[in-house]
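Protein sequence lines, in the order shown, are assigned to chains A and B. Here the numbering used here is used: the first residue of the first sequence is 1, the next is one more, and so on. Here the numbering used here is used: the first residue of the second sequence is 1, the next is one more, and so on. Yeah, the Cβ is synthetic: ideal placement off N, Cα and C, and Gly gets one too. Note sheet for the following structure.
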Amino acid sequence: MSWKEKLSYELFEPDRDQSPGEIVFFKLFELFVLFYTIKFAWEWGVYTQFRNVEVVLPLGLANYFDISIFFDYNLALINAGFITIIGIASYFRLGYKWQYMVVMVLLHIQYVARFSQGEIPHSQNLIGMSVLCFAIGAWFFPDKKQMPRFVMGSIIFFIGLGYTSAFFAKLIGTGFNWFDGRHLWLWIGEKSIDILSREGAWSPNFLQSLALQSTAMASLILLIGWFTELIGFTMWWKKLRPYTTTLLIGMHFGITLTMNIRFDAFVIQLILVGFPWYILLDRYIKSTPKYLKRWV
Amino acid sequence: MNKLSAKRGLKVIGITLLIYAVLVAPHEGEFWPFSIYPMFSQAGNPWTRAMVLDVTDQPADEIWEMHALEDRTADAVPVGRYGVDQIDFSNFVSKTENWTEQRRNALITMFGADEIQDQQWMVSKVKGELVGQDSVAIRIVPFIKITADDTELNPNLPESDYFRGAQ
Numbered sequence: 001m002s003w004k005e006k007l008s009y010e011l012f013e014p015d016r017d018q019s020p021g022e023i024v025f026f027k028l029f030e031l032f033v034l035f036y037t038i039k040f041a042w043e044w045g046v047y048t049q050f051r052n053v054e055v056v057l058p059l060g061l062a063n064y065f066d067i068s069i070f071f072d073y074n075l076a077l078i079n080a081g082f083i084t085i086i087g088i089a090s091y092f093r094l095g096y097k098w099q100y101m102v103v104m105v106l107l108h109i110q111y112v113a114r115f116s117q118g119e120i121p122h123s124q125n126l127i128g129m130s131v132l133c134f135a136i137g138a139w140f141f142p143d144k145k146q147m148p149r150f151v152m153g154s155i156i157f158f159i160g161l162g163y164t165s166a167f168f169a170k171l172i173g174t175g176f177n178w179f180d181g182r183h184l185w186l187w188i189g190e191k192s193i194d195i196l197s198r199e200g201a202w203s204p205n206f207l208q209s210l211a212l213q214s215t216a217m218a219s220l221i222l223l224i225g226w227f228t229e230l231i232g233f234t235m236w237w238k239k240l241r242p243y244t245t246t247l248l249i250g251m252h253f254g255i256t257l258t259m260n261i262r263f264d265a266f267v268i269q270l271i272l273v274g275f276p277w278y279i280l281l282d283r284y285i286k287s288t289p290k291y292l293k294r295w296v
Numbered sequence: 001m002n003k004l005s006a007k008r009g010l011k012v013i014g015i016t017l018l019i020y021a022v023l024v025a026p027h028e029g030e031f032w033p034f035s036i037y038p039m040f041s042q043a044g045n046p047w048t049r050a051m052v053l054d055v056t057d058q059p060a061d062e063i064w065e066m067h068a069l070e071d072r073t074a075d076a077v078p079v080g081r082y083g084v085d086q087i088d089f090s091n092f093v094s095k096t097e098n099w100t101e102q103r104r105n106a107l108i109t110m111f112g113a114d115e116i117q118d119q120q121w122m123v124s125k126v127k128g129e130l131v132g133q134d135s136v137a138i139r140i141v142p143f144i145k146i147t148a149d150d151t152e153l154n155p156n157l158p159e160s161d162y163f164r165g166a167q
């Protein structure tokens, strides 16, 4: 068996039959992605409409046309409306198999309109990648037995790749001394200013105090996080997946505690895709509801 | 999913990965949702953020003085209370190169003249850097004073701090 076949077995598990629990889980997961897609579309739309004045940093497609047109004429809100309607129709498999891709493109435009103000956040990337995987799955693997496996397998592939990519970005951007604890001090200082500015007050929590007291402790915190990123790709192997996911979730809690950056959608998604929930559901669900079969 | 579909699935992932690379390469690693995830990749660099200080009751001859964070006497204005995203605000202040009248007035618009009322707020840059082997120095640079209907630049700073290119 070649490495490609091995990898495709790990990601798509072609030998395993589709079970009722798998279908129920898949639709619940799709609902989660749809919920966050609509949530982000409206949050970004409202902010763009009422707050954005000038383009500070053009991202993605905004490099090729003047995205500031979305700051006026209620275009960002109209776009959110389209994303909502087409997204819901796609969930219920109403319309065309390529329309999930339309949601993807409209969501991209919504993102580059909202985040044209200088900061590039990544906490919404996993939802974006999931929408893309649903779009590719619906278009190229529309069969009821193929789509859930392709979507979940490709999402797992890109999540693993993303973490390992982040490790190498740090290695290339800084070098082996990236985990020097004083770097964490600088970031804690930077984030403390953000909190002070946003809330009017800031005081360090337990982990921040611990890191600020000792360079060795700060270095250890960074090293554990960095190593966890490196092994992100091991999610591709189904037996290792729950363990890698647990470490990644732990790393996110560490980032939240040390740098006050929350990744709610990220962590919920890791919990959903990193563990074989269908096994649990199969204990209680013996057959797939008819209406659900129509929506797969 | 059968074996053949699984093989095709991997091929589709490969093509997507290729598109991923083609899009992020010329766009500095970012083409949402594609990314090389470069956050925190450049460690140890000095940083600049921004905050607003309420200088209404501060002595007029002291409000423009640069000072260390621990010597701050003016209260921080919690920008979140005014519906302003701190990250966007910080980028707006730290990345603007030409402080035209329109840009300066955008600061008032951001918070709302009705909210500022008769107060005097100092939009300040906050700079952090590693000093020596074991400490981080954070200093506050008063940058633009805003009131409900006017803005004023720091007379102690050179003009090049406000205008770096064509106006």
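Along the chain, where does the alpha helix (DSSP H) containing residue i start, and where does it finish?
i	result
L10(B)	K3 to V24
T246(A)	R241 to M259
Y91(A)	L75 to Y91
R16(A)	Per DSSP, R16(A) belongs to no alpha helix (DSSP H) and is neither H nor E.
N105(B)	E101 to F111
M235(A)	No alpha helix (DSSP H) holds M235(A); DSSP gives it neither H nor E.
F92(B)	Q86 to K95
A60(B)	It is not in any alpha helix (DSSP H) - A60(B) carries neither H nor E in the DSSP assignment.
V300(A)	Absent from the model: residue 300(A). The displayed extent of chain A is 1 to 296, so no value can be given.
D118(B)	First-last for D118(B): undefined, no H or E at that position.
Q307(A)	The structure shown does not extend to residue 307(A), since chain A is modelled only from 1 through 296, so no value can be given for it.
L280(A)	W277 to Y284
L292(A)	K290 to R294
Which residue's Cα is closest to the Cα of residue i: the options?
i	options	result
N79(A)	L57(A), G153(A), F65(A) and Y111(A)	Y111(A)
F266(A)	Y100(A), W139(A), V102(A) and Y163(A)	Y163(A)
D180(A)	N45(B), D161(B), S94(B) and F92(B)	N45(B)
G250(A)	L161(A), W226(A) and S130(A)	W226(A)
T48(A)	S124(B), D88(B) and W121(B)	D88(B)
V77(B)	D54(B), I36(B) and T96(B)	D54(B)
Y109(A)	S130(A), F82(A) and L94(A)	Sequence check: residue 109(A) is Ile here, not Tyr. It is F82(A) whose Cα lies nearest to the Cα of I109(A).
F206(A)	W237(A), G254(A), L240(A) and I127(A)	G254(A)
I231(A)	S123(A), L247(A) and M101(A)	L247(A)
G112(B)	L186(A), R51(A), F150(A) and L210(A)	R51(A)
D72(A)	L59(A), F176(A) and E54(A)	E54(A)
E101(B)	K95(B), A21(B), Y162(B) and T48(B)	Y162(B)
P14(A)	S116(A), L59(A) and K145(A)	K145(A)
E43(A)	G21(A), F115(A), K27(A) and P58(A)	F115(A)
W121(B)	A60(B), V131(B) and F92(B)	A60(B)
N2(B)	D17(A), M152(A) and E30(A)	D17(A)
V151(A)	V131(A), G160(A) and L223(A)	V131(A)
DSSP three-state label for residue i, please.
i	result
Q167(B)	At Q167(B), the pLDDT of 45 sits below 50, so the modelled position is not reliable; the number obtained from the coordinates is stated separately. Q167(B): coil per DSSP, three-state reduction.
E159(B)	helix
D71(B)	helix
E30(B)	strand
S135(B)	strand
T48(B)	strand
S68(A)	helix
N125(A)	helix
A76(B)	strand
D54(B)	strand
G137(A)	helix
S35(B)	strand
T144(A)	Note that residue 144(A) is Lys in the sequence shown here, rather than Thr. DSSP places K144(A) in coil when its eight states are reduced to three.
S203(A)	coil
G60(A)	helix
F143(B)	strand
E129(B)	strand
S124(B)	strand
N98(B)	strand
I120(A)	coil
What residue range is occupied by the uninterrupted beta strand (DSSP E) comprising residue i?
i	result
E152(B)	T151 to L153
Under the assumption that residue i contacts residue j (Cβ atoms under 8 Å), give the Cβ distance between them as a whole number of angstroms.
i	j	result
A74(B)	K125(B)	Going by Cβ atoms, the distance from A74(B) to K125(B) rounds to 15 Å, so no, they are not a contact pair.
G45(A)	A89(A)	Contact flag wrong, Cβ pair sits at about 19 Å.
Y82(B)	E115(B)	6 Å
A106(B)	F12(A)	Incorrect: roughly 51 Å between the Cβ atoms, too far for contact.
G118(A)	L34(A)	Wrong, their Cβ atoms sit about 29 Å apart, outside the cutoff.
W32(B)	G175(A)	With 8 Å as the limit, W32(B) and G175(A) do not qualify as a contact, their Cβ atoms being about 28 Å apart.
F25(A)	I13(B)	About 21 Å; that fails the 8 Å criterion.
Closer than 7 Å by beta-carbon distance: list the chain C residues that pair up with residue i, in chain order.
i	result
S160(B)	Absent here is chain C; the protein component of the structure consists of chains A and B.
Evaluate the contact criterion for the segment 192-201 of chain A versus the segment 267-284 of chain A: three or more CB pairs, one atom per stretch, below 8 Å. no
For the segment 62-69 of chain B against the segment 130-139 of chain B, do three or more pairs of beta-carbon atoms, one drawn from each stretch, fall closer than 8 Å, so that the two count as touching? yes
Inspect the CB distances between the segment 33-51 of chain A and the segment 164-176 of chain A and report whether three or more fall short of 8 Å. no
Quick check: the segment 135-147 of chain A against the segment 48-66 of chain A, are at least 3 beta-carbon pairs closer than 8 Å? no
Contact between the segment 2-11 of chain A and the segment 254-263 of chain A (3+ Cβ pairs under 8 Å): no
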